[in-house]
Structure formats: structure tokens, C-alpha cells
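Asks: 5 is the number of the first residue of the sequence shown in the numbering used here; add one for each residue after it. Built from N, CA and C at the ideal position, the CB exists for glycine as well.
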Amino acid sequence: MPKTARKPILRYLVSGAVLAWALGFLWFTVTLPEPAGDVATDAVIVPTGGAGRIAQGLNVLDAGYAPKMLVTGVDPEVTPVEFAIEFEVDQSRMDCCVTLGFVAVDTRGNATETAQWVEQNAIQSLRLVTTDWHMRRAAGELDRTLPSNVKVVRDAVPSEPSLPGLLLEYHKLLASRLAGVFGY
Numbered sequence: 005m006p007k008t009a010r011k012p013i014l015r016y017l018v019s020g021a022v023l024a025w026a027l028g029f030l031w032f033t034v035t036l037p038e039p040a041g042d043v044a045t046d047a048v049i050v051p052t053g054g055a056g057r058i059a060q061g062l063n064v065l066d067a068g069y070a071p072k073m074l075v076t077g078v079d080p081e082v083t084p085v086e087f088a089i090e091f092e093v094d095q096s097r098m099d100c101c102v103t104l105g106f107v108a109v110d111t112r113g114n115a116t117e118t119a120q121w122v123e124q125n126a127i128q129s130l131r132l133v134t135t136d137w138h139m140r141r142a143a144g145e146l147d148r149t150l151p152s153n154v155k156v157v158r159d160a161v162p163s164e165p166s167l168p169g170l171l172l173e174y175h176k177l178l179a180s181r182l183a184g185v186f187g188y
């Protein structure tokens with residue numbers, strides 16, 4: 005193939021890739037996931053990191069939609085007493101219903117920590133509570149980590165993300181999906 009014929013093909017490929025990226029980003033920002041509503045599950049899972057996540061998880065417990073909760077990715081320096089005081093959780097609620105996970109440091113780690121807890125507690129359905137912009141990536145990591153018989157209900161906490169924040173999360177989502185394709 006002559007050199008001149010390769011240039012238009014390369015331009016079309018690059019243009020197509022840019023268009024696909026732009027349309028994907030538009031879809032990502034316009035169709036952010038929403039709250040789940042009144043759905044009962046065996047447990048609620050809350051990865052730390054975004055405003056309103058833990059409060060929503062506790063609301064799920066209080067409403068009776070789940071009997072127990074795992075908060076994954078808690079800083080190891082946070083004690084259960086400090087957590088209880090910060091989120092106004094009484095000791096009996098902490099003892100019966102709230103587990104703090106201190107192992108995870110990122111979204112993939114949250115999924116691993118969650119899978120171990122789900123297995124230890126014989127969970128068949130869970131409600132994932134995370135910020136709307138984070139939901140797709142967190143749910144994708146869980147889908148790759150949990151057994152296929154565990155049902156995951158997505159319960160997004162509405163937010164007002166910035167454009168740079170959305171761009172960063174979109175790229176993290178693309179990287180996560182690509183890693184999943186290659187088995188990482």
C-alpha cells in the first residue's frame with residue numbers, strides 16, 4: 005500500500021477513536037446511576053471515599069432494607085469508637101450490624117475485601133452504596149470478584165461532580181474495563 009493511502013486510514017482511525025471516547029464520556033456524564041429505592045438485600049456495602057456514602061448505608065440499615073453493613077476501605081487509624089461517634093451510631097448497632105474493613109486502599113481492594121466478607125457471611129444479595137460517578141467502576145470490580153450467584157443492587161448517592169473529577173473517573177473506568185478484558 006502506498007504511503008499516501010495510509011495517511012487517510014490513520015486519520016479515520018484516530019478520528020473514530022476520538023469520537024468514540026467523546027461519545028463515551030458524554031454517555032458517562034449524562035447517565036449517572038441513581039439511588040436504588042426500596043430494595044431489600046442481605047447486606048449493604050459502602051466503600052469509603054465520597055460524601056454521603058456512609059450516611060446512606062446507615063439509612064439503609066435504619067429503614068430495614070439490609071440487616072448488616074460492611075464499610076470497606078476504612079483508614080486503619082480510625083477506631084470503631086471514632087467511627088461510631090463520627091456517624092452517630094450507637095454501640096449496639098455497631099456490635100450487631102456494622103463491620104469496618106481496614107484492608108482495602110482502592111476500588112479493586114474494596115471488591116476483594118467485599119468478596120471475602122460476603123463469603124464469610126453467606127451473603128446472597130447486597131446493596132452497593134457509592135457515589136453516582138464511582139458506581140460503574142465499583143460495580144464492575146465487584147462483578148469480576150464476586151461469585152455469579154450474588155446479586156448486586158446499585159444504590160448511587162447523587163453528587164455534583166466537577167468536570168476534572170468526571171474526566172478522571174471516566175479514564176479510571178476505561179482502565180478498569182480494559183484490565184478486566186485482559187484478566188487483571
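Can you check which of these residues, Glu92, Phe87, Ile89 and Lys72, is closest to Arg131 by C-alpha distance?
Replies: Residue numbering aside, residue 131 sits at position 127 when the sequence shown is read from its first letter. Minimum Cα distance to Arg131 is reached at Lys72.
Asks: Could you tell me the distance, in whole angstroms, from the CA atom of Ala115 to the CA atom of Lys11?
Replies: Mapped onto the sequence shown, residue 115 falls at position 111. Mapped onto the sequence shown, residue 11 falls at position 7. Their Cα atoms are separated by approximately 44 Å.
Asks: Just to confirm, are Trp137 and Pro165 a CB contact at a threshold of 8 Å?
Replies: Here residue 137 refers to the residue found at position 133 of the sequence shown. Here residue 165 refers to the residue found at position 161 of the sequence shown. Their beta carbons are under 8 Å apart, which means Trp137 touches Pro165 by this criterion.
Asks: Grab the span of the beta strand (DSSP E) containing Asp206 for me, first residue to last.
Replies: Past the edges of the chain, shown from 5 to 188, lies residue 206, and the structure says nothing about it.
Asks: Would you check if there are 3 or more beta carbon pairs closer than 8 Å linking the region 73-83 to the region 101-114?
Replies: Output reads yes: the region 101-114 touches the region 73-83.
Asks: Distance check for Val48 and Thr149, CA to CA, integer angstroms please.
Replies: In the sequence shown, counting from the first residue as 1, residue 149 sits at position 145. In the sequence shown, counting from the first residue as 1, residue 48 sits at position 44. Computed Cα separation, rounded: 16 Å.
Asks: Roughly how many angstroms separate the alpha carbons of Val66 and Val157, rounded to a whole number?
Replies: As a position in the sequence shown, residue 66 is number 62, starting the count at 1. As a position in the sequence shown, residue 157 is number 153, starting the count at 1. Val is not the amino acid found at residue 66; the sequence shown has Asp there. Rounded to whole angstroms, Asp66 to Val157 spans 18 Å at the Cα level.
Asks: Measuring CA to CA, which of Glu123, Leu182, Glu92 and Ser163 is closest to Thr33?
Replies: Stepping through the sequence shown from its first residue, residue 33 is reached at position 29. For Thr33, the nearest C-alpha among the options comes from Ser163.
Asks: Please say whether Ile127 and Val154 have beta carbons closer to each other than 8 Å?
Replies: As a working mapping, residue 154 is identified with position 150 in the sequence shown. As a working mapping, residue 127 is identified with position 123 in the sequence shown. Cβ atoms of Val154 and Ile127: closer than 8 Å.
Asks: Straight-line CA distance for Leu17 to Ala183?
Replies: Within the sequence shown, residue 17 is the residue found at index 13, counting from 1. Within the sequence shown, residue 183 is the residue found at index 179, counting from 1. So the alpha carbons of these two residues sit roughly 22 Å apart.
Asks: Output yes or no for whether 8 Å exceeds the beta carbon distance between Tyr69 and Val93.
Replies: To locate residue 69, count along the sequence shown from 1; it is residue 65. To locate residue 93, count along the sequence shown from 1; it is residue 89. No, these two residues do not count as a Cβ contact at 8 Å.
Asks: In chain order, which continuous runs of the alpha helix (DSSP H) of length 4 or greater are located wholly inside the region 44-104?
Replies: DSSP runs (the alpha helix (DSSP H)) wholly in the region 44-104: 57-67, 84-90 and 95-101.
Asks: By Cβ distance below 7 Å, which residues in the same chain neighbour Leu104 in space, the five residues on each side in sequence not counted?
Replies: Here residue 104 corresponds to residue number 100 of the sequence shown, with the count starting at 1. Answer for Leu104: Val75, Val78, Pro84 and Phe87, listed in chain order.
Asks: Would you grab the beta carbon distance between Thr134 and Arg57 for me? Rounded to a whole angstrom, and I think it's under 8 Å.
Replies: Looking up residue 134 in the sequence shown gives position 130. Looking up residue 57 in the sequence shown gives position 53. About 6 Å; that satisfies the 8 Å criterion.
Asks: Is Ala160 closer than 8 Å to Leu36 when the C-beta atoms are compared?
Replies: Translated into the one-based positions of the sequence shown, residue 36 becomes position 32. Translated into the one-based positions of the sequence shown, residue 160 becomes position 156. Yes. Within cutoff.
Asks: Using the Cα positions of Glu90 and Glu145, report the straight-line distance between them to the nearest angstrom.
Replies: Numbered from 1 along the sequence shown, position 86 holds the residue referred to as residue 90. Numbered from 1 along the sequence shown, position 141 holds the residue referred to as residue 145. Cα to Cα, Glu90 sits roughly 28 Å from Glu145.
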